[in-house]
Amino acid sequence: MFVTNVLSSHYPGSQTQELLNHFTAQLDRLGHEHTTYDLYQSDFNPIMHGDDFNQFFGKPLPEDVTAIHETLKKSAALTFFYPVWWNGMPAIMKGWVDRVFARGFAYDYGPEGTRGMLELEKVILVCSLGNKKEDVDPRLEDAMRLIQEVGVFNFCGVKDVSQIFLYNSSGSPEIKQACMDQLVELADAL
Numbered sequence: 229m230f231v232t233n234v235l236s237s238h239y240p241g242s243q244t245q246e247l248l249n250h251f252t253a254q255l256d257r258l259g260h261e262h263t264t265y266d267l268y269q270s271d272f273n274p275i276m277h278g279d280d281f282n283q284f285f286g287k288p289l290p291e292d293v294t295a296i297h298e299t300l301k302k303s304a305a306l307t308f309f310y311p312v313w314w315n316g317m318p319a320i321m322k323g324w325v326d327r328v329f330a331r332g333f334a335y336d337y338g339p340e341g342t343r344g345m346l347e348l349e350k351v352i353l354v355c356s357l358g359n360k361k362e363d364v365d366p367r368l369e370d371a372m373r374l375i376q377e378v379g380v381f382n383f384c385g386v387k388d389v390s391q392i393f394l395y396n397s398s399g400s401p402e403i404k405q406a407c408m409d410q411l412v413e414l415a416d417a418l
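In the working numbering, the protein residues as written are 229 to 418.
Right, dumping it as structure tokens:
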């Protein structure tokens with residue numbers, strides 16, 4: 229299976245980077261192929277501008293976006309690794325979704341209404357939080373699931389979406405190990 233990973237890690241060696249590294253090591257052990265878009269290290273521009281709006285006029289999209297499209301076309305699974313900031317994904321990752329999930333690639337409108345076009349078997353969102361679970365109103369997790377799972381990925385045609393919240397992920401060694409164990413299970417389930 230080919231897996232595309234998208235990472236929002238604002239500095240090398242972050243907890244989020246460590247989580248992704250553990251996940252991809254398990255993918256390697258299982259013989260899966262994978263690639264990673266490290267949004268900060270690649271200086272990804274998350275702002276829709278200029279040719280990004282061509283999607284609404286039937287014109288070509290920017291080359292950086294179409295290159296990602298080609299990778300996603302061969303991907304069976306797509307993962308997102310990010311810290312939760314203000315109850316959502318960081319702006320750079322939201323900008324990646326805005327630019328990459330373009331009309332004509334991820335979705336389209338037609339006589340029968342909206343049509344999801346992503347041909348991914350699975351999407352996994354790995355969300356790390358510094359908070360303890362008991363310190364977070366459960367409605368916030370529900371809201372994040374609704375926005376991402378239904379509002380983005382189901383809308384774009386992906387039926388199998390998992391969102392995992394790793395609370396207190398940089399806590400004690402036992403908590404960190406439990407988070408790493410969950411990532412191994414995620415990779416094993418692909």
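C-beta atoms are modelled at their ideal positions from N, C-alpha and C, and glycine is treated no differently.
Own chain, CB closer than 8 Å to residue i, minus 5 neighbours either side, in chain order
{"i": "Gly-278", "result": "Pro-290"}
{"i": "Leu-374", "result": "none"}
{"i": "Arg-343", "result": "Tyr-335, Asp-336, Tyr-337, Gly-385"}
Contact check, residue i vs residue j, beta carbons under 8 Å
{"i": "Met-317", "j": "Ala-334", "result": "no"}
{"i": "Thr-307", "j": "Ile-275", "result": "no"}
{"i": "Asp-388", "j": "Glu-349", "result": "yes"}
{"i": "Lys-302", "j": "Phe-230", "result": "yes"}
{"i": "Ile-392", "j": "Gln-410", "result": "yes"}
{"i": "Thr-232", "j": "Thr-263", "result": "yes"}
{"i": "Ser-356", "j": "Val-312", "result": "yes"}
{"i": "Arg-415", "j": "Leu-300", "result": "In the sequence under discussion, the amino acid at residue 415 is Ala, which differs from the Arg named in the question. No. Outside cutoff."}
Presumed contact (8 Å Cβ cut-off) between residue i and residue j, rounded CB distance
{"i": "Leu-394", "j": "Ile-320", "result": "In fact, because the Cβ distance is near 19 Å, the residues do not count as touching under 8 Å."}
{"i": "Leu-235", "j": "Leu-248", "result": "5 Å"}
{"i": "Asn-396", "j": "Gly-358", "result": "7 Å"}
{"i": "Val-386", "j": "Val-325", "result": "12 Å between Cβ atoms; not a contact."}
Option in the options with minimal Cα separation from residue i
{"i": "Met-408", "options": "Ser-237, Thr-232, Ala-253, Asn-315", "result": "Ala-253"}
{"i": "Ser-400", "options": "Glu-369, Lys-360, Ile-296", "result": "Lys-360"}
{"i": "Phe-420", "options": "Gln-405, Leu-368, Val-328, Ser-356", "result": "Absent from the structure is residue 420, since the part of the chain shown begins at 229 and ends at 418."}
{"i": "Phe-383", "options": "Ala-330, Gly-358, Pro-339", "result": "Ala-330"}
{"i": "Glu-413", "options": "Asp-370, Asp-280, Val-354", "result": "Val-354"}
{"i": "Phe-285", "options": "Thr-244, Ala-371, Met-372, Gly-332", "result": "Gly-332"}
Beta-carbon proximity list for residue i, same chain, < 7 Å, skipping 5 on both sides
{"i": "Arg-367", "result": "none"}
Same chain, Cβ closer than 6 Å to residue i, neighbours up to 5 away in sequence not counted
{"i": "Ile-403", "result": "Asn-396"}
### Runs of alpha helix (DSSP H) lying entirely within the region 245–304, each at least 4 residues, in chain order
DSSP assignment within the region 245–304 yields the following whole alpha helix (DSSP H) runs of 4 residues or more, N-terminal first: 291–301.
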